[in-house]
Amino acid sequence: MTILFERIARHPWLVLLFVVLATAGFVSQLPKLTMETNLERMLPEGMDAHINYLKLEKLFGTSNMVVIGIENNGADGIYNPHTLALVEELTHWLQTRKEFRSLALADLMSLSTIKDIRGTADGMDVERFMPHAFSKPEDIAHLRQRLMDNGLYMGSIVSEDGKGTLIVVRPARNMAGHYHEIYELLKEKIADIEQRGGEERILITGRPVIEGVFSIYMPDSMKKMQPLVLALLAVLLFISFRNLRGVCIPLTVVILSELWMMGTMAATGIPMFTVTSMLPILILAVGIADSVHLITHIRVEAARDTSLDRQTAIVRGMQAMWAPILMTSLTTAAGFLAMLTSDILPMRYFGVFAAIGIAYAFIITILFIPAIEAVLPHREQAMHKLAFNGYLNWMSRTVVERPRRVLMLFAVVLLVSGYGLTQIQVNSSLVSEFRPSDPLRHADEVLNAHFAGTNALDIMIDSGKQDGVLEPAFLQGMQSLQQLVEADPLVGDSASVAEFLAEMNKVMHEGKQRFKTVPESSQLAAQYMLLYSFSGAPDDFDSFVTSDYRQAHVRIQMKTDSSAEAASLLHKLEAKLADWFPGATVEFAGTAYTTHRFSDLIIKGQIQSLLLALTAIFILCFMMFRRWSDALLAIMPVSLSVIVIYGIMGLIGLPLEIGTAITGAMALGIGVDFAIHYLYRYREYQAQGMTHADIVQHSNHDTGRALLFNALVVIGGFLVLLTAPLYPQVKLGALVAGSMAVCYLASTWLFPIVLQRSSRHARP
Amino acid sequence: MNITRTYLAILLLAGGYVMPAWADPTGLEVMQAADAREDGDDLRQTMRQTLIDRNGNTRERVMVSFRKDEGKDKKMITFFLKPANIQDTALLTYDYDDPEKDDDQWLYLPALKKVRRIAASDRGDYFMGTDFTFEDMKQSPELTDYHWRLLGSATVAGHDCWKVEGTPASDDIAHELGYSRMIQYVSKDTDIAIRVDYWDLAGRELKHLKVTAMKKIQDIWSPLRIEMKNVQSQHSTIITFSDQHYNSGLSNRLFTQRNLKRGYRE
Chain A
1 MTILFERIAR
11 HPWLVLLFVV
21 LATAGFVSQL
31 PKLTMETNLE
41 RMLPEGMDAH
51 INYLKLEKLF
61 GTSNMVVIGI
71 ENNGADGIYN
81 PHTLALVEEL
91 THWLQTRKEF
101 RSLALADLMS
111 LSTIKDIRGT
121 ADGMDVERFM
131 PHAFSKPEDI
141 AHLRQRLMDN
151 GLYMGSIVSE
161 DGKGTLIVVR
171 PARNMAGHYH
181 EIYELLKEKI
191 ADIEQRGGEE
201 RILITGRPVI
211 EGVFSIYMPD
221 SMKKMQPLVL
231 ALLAVLLFIS
241 FRNLRGVCIP
251 LTVVILSELW
261 MMGTMAATGI
271 PMFTVTSMLP
281 ILILAVGIAD
291 SVHLITHIRV
301 EAARDTSLDR
311 QTAIVRGMQA
321 MWAPILMTSL
331 TTAAGFLAML
341 TSDILPMRYF
351 GVFAAIGIAY
361 AFIITILFIP
371 AIEAVLPHRE
381 QAMHKLAFNG
391 YLNWMSRTVV
401 ERPRRVLMLF
411 AVVLLVSGYG
421 LTQIQVNSSL
431 VSEFRPSDPL
441 RHADEVLNAH
451 FAGTNALDIM
461 IDSGKQDGVL
471 EPAFLQGMQS
481 LQQLVEADPL
491 VGDSASVAEF
501 LAEMNKVMHE
511 GKQRFKTVPE
521 SSQLAAQYML
531 LYSFSGAPDD
541 FDSFVTSDYR
551 QAHVRIQMKT
561 DSSAEAASLL
571 HKLEAKLADW
581 FPGATVEFAG
591 TAYTTHRFSD
601 LIIKGQIQSL
611 LLALTAIFIL
621 CFMMFRRWSD
631 ALLAIMPVSL
641 SVIVIYGIMG
651 LIGLPLEIGT
661 AITGAMALGI
671 GVDFAIHYLY
681 RYREYQAQGM
691 THADIVQHSN
701 HDTGRALLFN
711 ALVVIGGFLV
721 LLTAPLYPQV
731 KLGALVAGSM
741 AVCYLASTWL
751 FPIVLQRSSR
761 HARP
Chain B
765 MNITRTYLAI
775 LLLAGGYVMP
785 AWADPTGLEV
795 MQAADAREDG
805 DDLRQTMRQT
815 LIDRNGNTRE
825 RVMVSFRKDE
835 GKDKKMITFF
845 LKPANIQDTA
855 LLTYDYDDPE
865 KDDDQWLYLP
875 ALKKVRRIAA
885 SDRGDYFMGT
895 DFTFEDMKQS
905 PELTDYHWRL
915 LGSATVAGHD
925 CWKVEGTPAS
935 DDIAHELGYS
945 RMIQYVSKDT
955 DIAIRVDYWD
965 LAGRELKHLK
975 VTAMKKIQDI
985 WSPLRIEMKN
995 VQSQHSTIIT
1005 FSDQHYNSGL
1015 SNRLFTQRNL
1025 KRGYRE
């Protein structure tokens, strides 16, 4: 190794030329980088939620609908000529757009398309509530009355208070992955409408829109946050190193690492996912540690012995540092590679590319830094002028003189966190990842408050035989199911063919309420289905029952996309399904189910990958230190930080979900560096025969200083993310900063004490 | 000089007069001929409907139907034979030529043992879960709903056809019927539209109708098999007709609510 460093120090320009050429190569690949915004692609292929979703789409059509809400808070609410004309205009416009489907009634539901079934003295009437936009007051009053009498669309198409109405439309099949374009299109149309004036306020939401916007918004704002992070890193580097060189060199290293990593991603043709869009910022934070340590060491070497010439100082710094830097890079990479156990594809990519980025950062650090240090003019810097001497001295004194107090403090933190850990909840909700002021979240909340709900939980029930759905017992099962779910305050509405058949039964019995029950025989049910197909919209049922009447679909609309709420509803249902549908196969699908299962997978994968990462890091540390006790020591601060971070999440009620789950693995990979650096230095000085107090004093001034710089820079850089527009970024920032702080404190304050005690015990 | 001029004038006049007989008909004329095609004063036939969904599942209904013309109005009665759970269900329709007057429909449900009057559907509604709308089921579209334009001749499945394009006369009509455009291929010798292509309101191709078998029965050209395929949903419907008897002098008493209840007996 020494020879390599001497060569680098002697031929710096050659090395720099290599770095420049390699960077050019990676940058040339960047234009190939693509984005994947289809959230369905994130699901593992064999996952039941994914299979069921495809089945639902095939048999009944997706229930992922785009929702346009029209709100009018005027005296008459939406029941005025202007608003009704607007509904018709938008409905007709949607029918002519290729981005949407409008074949069946279930594809496009609005006041202009829905139909009223009414019993008359001698039969039945089915007609559109609003065949054309009404303008006469009596027509409008009549419309309102009929909607109220019918009841079926109260809460789903018109709000109970009469202030709002929805247009619900299914995106065209080929729009999957382009949902953000639908949002842009609608926003443009609505801006046009609003420019004309009027009392109406138009809101857009619906699962496809939320997913589409989120998946484009997140990488986009990540890109925007990056200059801010870099700027803060620059300031903190300047505070640490007090010169421009100390700012520019580490920043160059991390920017190059990022370019290499992204270039590799582009060259391999792997698209950028929402999750992997966090990689660039991550690599800034992780990659900077190596260079901070190396530069600090070269400085310290030069300051300790001013007689050294430049080249020798560089080579000495490299000799002292290459092993721990390689070690920390390996452990960090191992931490990320543990994410390969995840079932979720983008999580696996995240782990792999983070590891690649770390490898690049290591290579660039040990090539570029000695070369550039050799090229740049030599400058003296006295030891005492290095920053943070006061703090480092105080820390050294305290850990040697008052170890008990320090231990007590950590014990308290551990206890509180341990309690918090028991309180942690698992929940994920895409909508709550937007800030409350975001127009999309606002729209979703308003519409969920006034209407049935924009999140679907779909239940598919296979009766096992043709016409099985029409059996009275089966229909009754569906009715019982609907009664149970509708009792839940977070369920806005549910729909099934049983509900329609009960309505038909009532209509065919002169509208008498006591006949609002499922038909008493399967023949009658079949005849009602036929009757309905003569007089109304036969395609209505395509989304609720297959054409052989063997499989049925119950659609539940929930007012929240929280996975925890879905889980509790599913739990209630599962207990009863066997009673309601003996012998039938029941499967779940829809947003609510997908998020619930997804959340399960994340947690399971998270625990697995955390354990795997800990084991891998433990083994690597053993290989380095050749002592089980040291390997155990090395993973202690990260274990502590994971407990503290998840403990705090439990205490403040921040649930575990995909974003926060990633931080666990990240914290592990990054945080272990502190321990390794400290332990490595401590053992080295110990081998030189120093006393404990001297070792602490010495280690704190070289490695300790670098660790402090490293911690400050990364914590500061990540705290910038607190101002980000989306919560996953805010959480990422806060959690990484928090776990870095814990790891730093544990490694520098706790380690010396534990090391002293363990070596005292080791002595005979 | 005068003679020459007079001669020329006569020639031109005569030519002008005779010309329509040789020239192509207009689109409207082709459609008028299709609309006026002879279909007998009454008809009894058996219909078999096969619905095929995107996944290849099929559902079949068999019915026997009677039709009788009364001036420009039509009366129809249809008895369902299969599947078993709708057997004896029957539908009676009075279809009035006057567009202002809604059709009358009654349905007999054997499980309920009641005749129920049901309101007429919108013309653009799909018929009995098939791929046909109520309007598609007619012999030809309402001629005034569309602007007709002859696009030329074309050969379809071996038949020499007029190719006529129809575009809705107004936006309201387009939205009512659900089409932005259609092309009819009307067979020159039978006046039957043997292929029709439909486009939806967004201008996407929507459905293809094909008459895949026809036969002259009692001197009347009768379709034997019609296919309608929705190319967007991949759902299709096949209707086959058999046992046609034209002009057998069906009694008016056949087309009553009482007879609905009585049901069909061979």
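Going line by line, the protein sequences match chains A and B. Under our numbering, the first residue of the first sequence is numbered 1, with each subsequent residue one higher. Under our numbering, the first residue of the second sequence is numbered 765, with each subsequent residue one higher. Glycine residues also receive a C-beta, built at the ideal position from the N, C-alpha and C atoms. No experiment lies behind these values; they were computed from the predicted model shown.
Within its chain, find whatever has a CB closer than 6 Å to the CB of residue i; leave out the 5 residues flanking it on each side and keep chain order.
{"i": "ARG913 of chain B", "result": "GLY791 and GLU929"}
{"i": "THR954 of chain B", "result": "TRP985"}
{"i": "SER396 of chain A", "result": "VAL696, GLN697 and ASN700"}
{"i": "ARG348 of chain A", "result": "LEU340 and SER342"}
{"i": "ASP924 of chain B", "result": "LYS952"}
For chain B, is any of its Cβ atoms less than 8 Å away from the one on residue i?
{"i": "ASP149 of chain A", "result": "no"}
{"i": "THR62 of chain A", "result": "no"}
{"i": "GLN479 of chain A", "result": "no"}
{"i": "ARG97 of chain A", "result": "yes"}
{"i": "LEU54 of chain A", "result": "no"}
{"i": "GLU211 of chain A", "result": "no"}
Sorted by chain position, which residues of the same chain lie with C-beta nearer than 7 Å to residue i's C-beta, five sequence neighbours on each side aside?
{"i": "PHE699 of chain A", "result": "First, the residue type needs correcting, since residue 699 of chain A is Ser and not Phe in the sequence shown. Cβ within range, chain order: TYR678, ARG681, TYR682 and TYR685."}
{"i": "ALA371 of chain A", "result": "ILE8, PRO12, VAL15 and LEU16"}
{"i": "ILE182 of chain A", "result": "VAL66, GLU99, PRO171, MET175, PRO208, VAL209 and GLY212"}
{"i": "THR818 of chain A", "result": "Nothing about residue 818 of chain A can be reported from this structure: the residues present for chain A run from 1 to 764 only."}
{"i": "PHE1019 of chain B", "result": "LYS832, LYS839, ILE841 and LEU856"}
Within 10 angstroms of its Cβ, does residue i collect 16 or more other Cβ (buried), or is it exposed?
{"i": "LEU105 of chain A", "result": "buried"}
{"i": "ALA473 of chain A", "result": "exposed"}
{"i": "LEU282 of chain A", "result": "buried"}
{"i": "PRO377 of chain A", "result": "exposed"}
{"i": "LEU447 of chain A", "result": "buried"}
{"i": "THR897 of chain B", "result": "buried"}
{"i": "PHE451 of chain A", "result": "buried"}
{"i": "MET383 of chain A", "result": "With a pLDDT of only 49 at MET383 of chain A, under the threshold of 50, the placement of this residue in the model should not be trusted; the figure read from the coordinates follows. Result: exposed."}
{"i": "ASP900 of chain B", "result": "buried"}
{"i": "TYR391 of chain A", "result": "exposed"}
Excluding sequence positions up to five away, which residues of its chain have a Cβ less than 8 Å from the Cβ of residue i?
{"i": "ARG763 of chain A", "result": "Only weak support is given to the placement of ARG763 of chain A: the predicted model assigns it a pLDDT of 39, under 50, and the question is left unresolved by the model."}
Counting only beta-carbon atoms, is residue i nearer than 8 Å to chain A?
{"i": "ALA785 of chain B", "result": "Low per-residue confidence applies at ALA785 of chain B: pLDDT is 48, beneath 50, and the placement is therefore not dependable enough to give any value."}
{"i": "THR1004 of chain B", "result": "no"}
{"i": "TYR1028 of chain B", "result": "no"}
{"i": "GLN1008 of chain B", "result": "no"}
{"i": "ALA933 of chain B", "result": "no"}
{"i": "ARG742 of chain B", "result": "With chain B covering 765 to 1030 only, the question about residue 742 of chain B has no answer from this structure."}
{"i": "ASN1011 of chain B", "result": "no"}
{"i": "LEU815 of chain B", "result": "yes"}
{"i": "HIS939 of chain B", "result": "yes"}
{"i": "LEU914 of chain B", "result": "no"}
Using the beta-carbon of each residue, which ones in chain C are nearer than 9 Å to residue i?
{"i": "THR853 of chain B", "result": "Considering every chain present, this structure includes no chain C. Its protein chains are A and B."}
- prompt: In chain order, what residues of the segment 873 to 899 of chain B put their CB closer than 9 Å to some CB of chain A?
  reply: Listed by position along the chain: LEU873, PRO874, ALA875, LEU876, LYS878, VAL879, ARG880, ARG881, ILE882, ALA883, ALA884, SER885, ASP886, ASP889, TYR890, PHE891, MET892, GLY893 and THR894.
field: Where the segment 105 to 128 of chain A meets chain B: residues whose CB sits under 8 Å from a CB there
entry: Flagged, chain order: THR120, ASP122, GLY123, MET124, ASP125, VAL126, GLU127 and ARG128.
- prompt: Going along the chain, which residues of the segment 446 to 461 of chain A sit with their C-beta nearer than 7 Å to a C-beta in chain B?
  reply: Cβ contacts with chain B: none found.
field: Members of the segment 506 to 524 of chain A that neighbour chain B once the beta carbon cut-off is set at 7 Å
entry: Cβ contacts with chain B: MET508, SER521, SER522, GLN523 and LEU524.
query: Closer than 7 Å, Cβ to any Cβ of chain A: which residues of the segment 817 to 842 of chain B, in chain order?
result: Identification of residues in the segment 817 to 842 of chain B having a C-beta nearer than 7 Å to some C-beta of chain A yields ASP817, ASN819, ASN821 and ARG823, given in sequence order.
query: Quick check: the segment 417 to 430 of chain A against the segment 634 to 651 of chain A, are there 3 or more CB pairs under 8 Å?
result: The answer is yes - the segment 634 to 651 of chain A touches the segment 417 to 430 of chain A, with three or more Cβ pairs under 8 Å.
- prompt: How about the segment 813 to 820 of chain B and the segment 988 to 1005 of chain B: do they share at least three Cβ pairs that are nearer than 8 Å?
  reply: Yes: at least three Cβ pairs fall under 8 Å.
Interface positions of the segment 546 to 579 of chain A facing chain B (Cβ-Cβ less than 8 Å), listed along the chain: Within the segment 546 to 579 of chain A, the qualifying residues are THR546, SER547 and ASP548.
message: Closer than 7 Å between beta carbons: that is the criterion. Which residues of the segment 973 to 999 of chain B meet it against chain A?
response: If the cut-off is 7 Å between Cβ atoms, the segment 973 to 999 of chain B has GLN996 and SER997 near chain A.
- prompt: Is the number of C-beta pairs between the segment 650 to 658 of chain A and the segment 423 to 443 of chain A that are closer than 8 Å three or more?
  reply: In short, these stretches touch, since the Cβ pair count reaches three.
Contact the segment 569 to 586 of chain A vs the segment 450 to 469 of chain A: 3+ CB pairs below 8 Å: Yes: at least three Cβ pairs fall under 8 Å.
- prompt: Counting Cβ pairs closer than 8 Å, one from the segment 624 to 641 of chain A and one from the segment 522 to 535 of chain A, do we hit at least three?
  reply: As far as the Cβ criterion goes, the segment 624 to 641 of chain A does not touch the segment 522 to 535 of chain A, which means the pair count is below three.
- request: Flag this pair as touching only if the segment 873 to 889 of chain B and the segment 122 to 135 of chain A have three or more C-beta atom pairs under 8 Å; answer yes or no.
  value: Short answer: they touch.
query: Are the segment 235 to 255 of chain A and the segment 301 to 321 of chain A touching by the rule of at least three beta carbon pairs closer than 8 Å?
result: The segment 235 to 255 of chain A makes no contact with the segment 301 to 321 of chain A; the number of CB pairs closer than 8 Å stays below 3.
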